[in-house]
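Number of protein chains: 2
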Amino acid sequence: MSAKGRLYGVGVGPGDPELLTIKALRLIQSVPVIAYQSATDKESIARAIASCYFTGTQIEVPFHLPRALEPEKAKEIYDKEVEPIAQHLAAGRDVVVLCEGDPFFYGSFMYVFTRLSEQYQTEVVPGVSSLMACPVSLGVPFTYYNDILTVLPAPLPAEELTTQLLTTDAAAIMKLGRHFTKVRDILHQLGLASRALYIERATMAQQRIVPLDEVNPAEVPYFAMIVIPSKNRL
Amino acid sequence: MSAKGRLYGVGVGPGDPELLTIKALRLIQSVPVIAYQSATDKESIARAIASCYFTGTQIEVPFHLPRALEPEKAKEIYDKEVEPIAQHLAAGRDVVVLCEGDPFFYGSFMYVFTRLSEQYQTEVVPGVSSLMACPVSLGVPFTYYNDILTVLPAPLPAEELTTQLLTTDAAAIMKLGRHFTKVRDILHQLGLASRALYIERATMAQQRIVPLDEVNPAEVPYFAMIVIPSKNRL
Numbered sequence: 001m002s003a004k005g006r007l008y009g010v011g012v013g014p015g016d017p018e019l020l021t022i023k024a025l026r027l028i029q030s031v032p033v034i035a036y037q038s039a040t041d042k043e044s045i046a047r048a049i050a051s052c053y054f055t056g057t058q059i060e061v062p063f064h065l066p067r068a069l070e071p072e073k074a075k076e077i078y079d080k081e082v083e084p085i086a087q088h089l090a091a092g093r094d095v096v097v098l099c100e101g102d103p104f105f106y107g108s109f110m111y112v113f114t115r116l117s118e119q120y121q122t123e124v125v126p127g128v129s130s131l132m133a134c135p136v137s138l139g140v141p142f143t144y145y146n147d148i149l150t151v152l153p154a155p156l157p158a159e160e161l162t163t164q165l166l167t168t169d170a171a172a173i174m175k176l177g178r179h180f181t182k183v184r185d186i187l188h189q190l191g192l193a194s195r196a197l198y199i200e201r202a203t204m205a206q207q208r209i210v211p212l213d214e215v216n217p218a219e220v221p222y223f224a225m226i227v228i229p230s231k232n233r234l
Numbered sequence: 001m002s003a004k005g006r007l008y009g010v011g012v013g014p015g016d017p018e019l020l021t022i023k024a025l026r027l028i029q030s031v032p033v034i035a036y037q038s039a040t041d042k043e044s045i046a047r048a049i050a051s052c053y054f055t056g057t058q059i060e061v062p063f064h065l066p067r068a069l070e071p072e073k074a075k076e077i078y079d080k081e082v083e084p085i086a087q088h089l090a091a092g093r094d095v096v097v098l099c100e101g102d103p104f105f106y107g108s109f110m111y112v113f114t115r116l117s118e119q120y121q122t123e124v125v126p127g128v129s130s131l132m133a134c135p136v137s138l139g140v141p142f143t144y145y146n147d148i149l150t151v152l153p154a155p156l157p158a159e160e161l162t163t164q165l166l167t168t169d170a171a172a173i174m175k176l177g178r179h180f181t182k183v184r185d186i187l188h189q190l191g192l193a194s195r196a197l198y199i200e201r202a203t204m205a206q207q208r209i210v211p212l213d214e215v216n217p218a219e220v221p222y223f224a225m226i227v228i229p230s231k232n233r234l
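Residue numbers (UniProt numbering), protein chains in the order written: chain H, 1 to 234; chain Y, 1 to 234.
Written out as structure tokens, the structure reads:
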């Protein structure tokens with residue numbers, strides 16, 4: 001009977017392959033199996049970031065955990081999608097699951113973790129999040145000293161976004177996509193538009209920084225962020 | 001006349017030297033001058049994290065930007081403390097400034113950046129923040145899907161902390177130190193104590209995880225965090 005394999009949830013950072021950690025690189029190059037989220041019709045972003053480090057002899061396991069499903073439906077699909085990973089672990093093979101950004105920060109790895117970490121020895125490796133990469137790419141210090149920072153997913157209702165933005169020092173609004181116009185209008189209403197900075201695909205080759213009012217709402221990707229840096233300076 | 005040097009603000013991550021990025025490692029090993037924050041009587045944390053990668057022939061430039069000063073006094077001191085870095089840059093030497101965690105996320109590098117980035121070519125490299133490292137070290141998925149996340153410095157007034165904690169899904173309370181008791185009491189009042197997780201010096205050799213009610217308030221370091229993960233699961 002062979003020992004079970006180990007599960008590694010590895011943050012691969014925001015996009016630039018040089019923003020992987022030394023630990024992520026070591027683990028990616030040491031395992032026989034690499035898994036990653038991949039929508040059926042799209043290239044996996046996590047794979048695109050890290051594949052330059054693959055050894056060339058590794059087994060690849062794509063999985064797909066679609067969002068915005070009914071909870072019951074999602075559970076059923078997620079259970080099924082993680083099954084191939086579990087089979088490699090049960091057969092004694094170590095598996096790295098690549099995670100865009102950081103594994104526990106709005107990442108789909110959490111659905112793998114909650115299903116497998118009790119049965120299999122699991123280690124998670126934090127990564128550089130887009131929350132840090134976007135302000136850096138924009139060239140703007142984000143939070144100082146005793147600032148309050150609020151991270152807001154754009155799909156939230158307008159009232160909730162407004163309330164939160166009125167009571168914080170700095171904010172990041174994530175997952176913009178088709179919610180861009182709603183967010184832009186709120187920022188204008190609150191007098192925050194002049195401080196708000198828009199960025200797409202930070203640190204990737206396709207990175208774009210666009211003035212807020214020049215963004216085409218029809219072309220805003222999911223991986224776009226609006227950063228409202230703190231006003232405090234010294 | 002020689003060209004001016006380049007300034008690099010480099011995040012070195014939360015503590016484990018393996019959590020530096022590949023880019024941070026490359027830059028640290030390529031420059032003649034390395035600067036870091038260092039209180040007069042203490043070892044520099046940023047230096048302790050990254051010094052295993054120094055080449056052995058580099059010039060080291062400690063500086064000290066003390067906190068909690070009157071703004072006017074701070075400006076005067078900060079201007080003076082960054083002067084040695086400026087002199088190396090003016091003389092054509094590239095300088096890496098090591099930054100704990102991420103440079104633009106509650107970091108003292110921002111005071112260097114605001115003083116030197118207009119005069120000298122500057123590049124900032126994001127790093128793994130304690131905001132990501134603490135939940136990972138605690139083994140707890142932090143934020144899901146459309147969660148609101150609020151980052152709260154513990155020195156804030158109790159009323160402000162209470163209001164913010166009542167209106168968020170997940171929270172991180174940083175810079176605990178002597179503010180621990182105030183924060184713990186608020187968490188009990190709000191019924192959040194059972195969800196709150198305490199960690200000191202995440203990913204460092206001295207990392208400690210302690211149940212909230214067993215923490216000795218007299219011994220809480222500045223680099224301690226309370227993480228309140230989201231309740232959402234799937």
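Backbone N, C-alpha and C fix where the C-beta goes; we use that ideal spot for every residue, glycine too.
What is the rounded straight-line gap between the Cα of residue i and the Cα of residue j?
| i | j | result |
| --- | --- | --- |
| residue 27 of chain H | residue 136 of chain H | 26 Å |
| residue 227 of chain Y | residue 196 of chain Y | 6 Å |
| residue 125 of chain H | residue 178 of chain H | 31 Å |
| residue 139 of chain H | residue 114 of chain Y | 11 Å |
| residue 85 of chain Y | residue 205 of chain H | 31 Å |
| residue 193 of chain Y | residue 164 of chain Y | 15 Å |
| residue 216 of chain H | residue 214 of chain Y | 53 Å |
| residue 17 of chain H | residue 22 of chain Y | 8 Å |
| residue 42 of chain H | residue 188 of chain H | 34 Å |
| residue 71 of chain Y | residue 181 of chain Y | 28 Å |
| residue 76 of chain Y | residue 152 of chain Y | 28 Å |
| residue 118 of chain Y | residue 80 of chain Y | 17 Å |
Which whole-angstrom value describes the C-beta separation of residue i and residue j, a residue pair presumed to lie in contact below a C-beta threshold of 8 Å?
| i | j | result |
| --- | --- | --- |
| residue 24 of chain Y | residue 107 of chain Y | That pair is no contact at about 14 Å. |
| residue 132 of chain H | residue 130 of chain Y | No, residue 132 of chain H and residue 130 of chain Y are not in contact; Cβ-Cβ is about 11 Å, not under 8 Å. |
For residue i, which residues does DSSP report across the bridge?
| i | result |
| --- | --- |
| residue 63 of chain H | H:37 |
| residue 197 of chain Y | Y:227 |
| residue 143 of chain Y | H:105 |
| residue 123 of chain Y | Y:8 |
| residue 21 of chain Y | H:21 |
| residue 149 of chain H | H:170 and Y:151 |
| residue 99 of chain H | H:11 |
| residue 112 of chain Y | Answer is none; residue 112 of chain Y lacks a bridge partner. |
| residue 208 of chain Y | Y:200 |
Is there at least one non-hydrogen atom of the ligand SAM closer than 8 Å to the beta-carbon of residue i?
| i | result |
| --- | --- |
| residue 200 of chain H | No copy of the ligand SAM occurs in the structure displayed, which carries no ligand at all. |
Should residue i be labelled buried (16 or more other beta-carbon atoms within 10 Å of its own) or exposed?
| i | result |
| --- | --- |
| residue 57 of chain H | exposed |
| residue 146 of chain Y | buried |
| residue 59 of chain Y | exposed |
| residue 159 of chain Y | exposed |
| residue 221 of chain Y | exposed |
| residue 150 of chain H | buried |
| residue 166 of chain H | exposed |
| residue 211 of chain H | exposed |
| residue 5 of chain H | buried |
| residue 92 of chain H | exposed |
| residue 110 of chain Y | buried |
| residue 9 of chain H | buried |
| residue 102 of chain Y | buried |
| residue 157 of chain Y | exposed |
| residue 141 of chain Y | buried |
Excluding the 5 residues preceding and the 5 following residue i in the sequence, name in chain order all residues of the same chain whose CB lies nearer than 6 Å to its CB.
| i | result |
| --- | --- |
| residue 230 of chain H | 143, 144, 147, 169 and 170 |
| residue 134 of chain Y | 199, 202, 225 and 227 |
| residue 31 of chain H | 94 and 96 |
| residue 154 of chain Y | 173, 175, 176, 179 and 183 |
| residue 162 of chain H | 186 |
| residue 112 of chain Y | 82 and 97 |
| residue 34 of chain H | 58, 60 and 96 |
| residue 209 of chain H | 199 |
| residue 105 of chain H | 129 |
| residue 52 of chain Y | 17 |
| residue 120 of chain H | 4, 7 and 89 |
Can you give me the Cβ contacts of residue i inside the same chain, cut-off strictly under 7 Å, excluding the 5 residues immediately before and after it?
| i | result |
| --- | --- |
| residue 37 of chain Y | 44, 46, 63, 64, 65 and 108 |
| residue 223 of chain Y | 200 and 201 |
| residue 12 of chain Y | 20, 24, 46, 49, 50, 98, 99, 100 and 127 |
| residue 40 of chain Y | 64 |
| residue 73 of chain H | none |
Spatial neighbours of residue i within its chain, please: C-beta separation below 8 Å, excluding the five flanking residues on both sides.
| i | result |
| --- | --- |
| residue 55 of chain Y | 29 |
| residue 207 of chain H | 15, 137, 199, 200 and 201 |
| residue 274 of chain Y | No answer is possible for residue 274 of chain Y: it lies beyond the span of chain Y, which begins at 1 and ends at 234. |
| residue 78 of chain H | 65, 111 and 115 |
| residue 190 of chain H | 162, 165 and 166 |
| residue 69 of chain Y | 77 |
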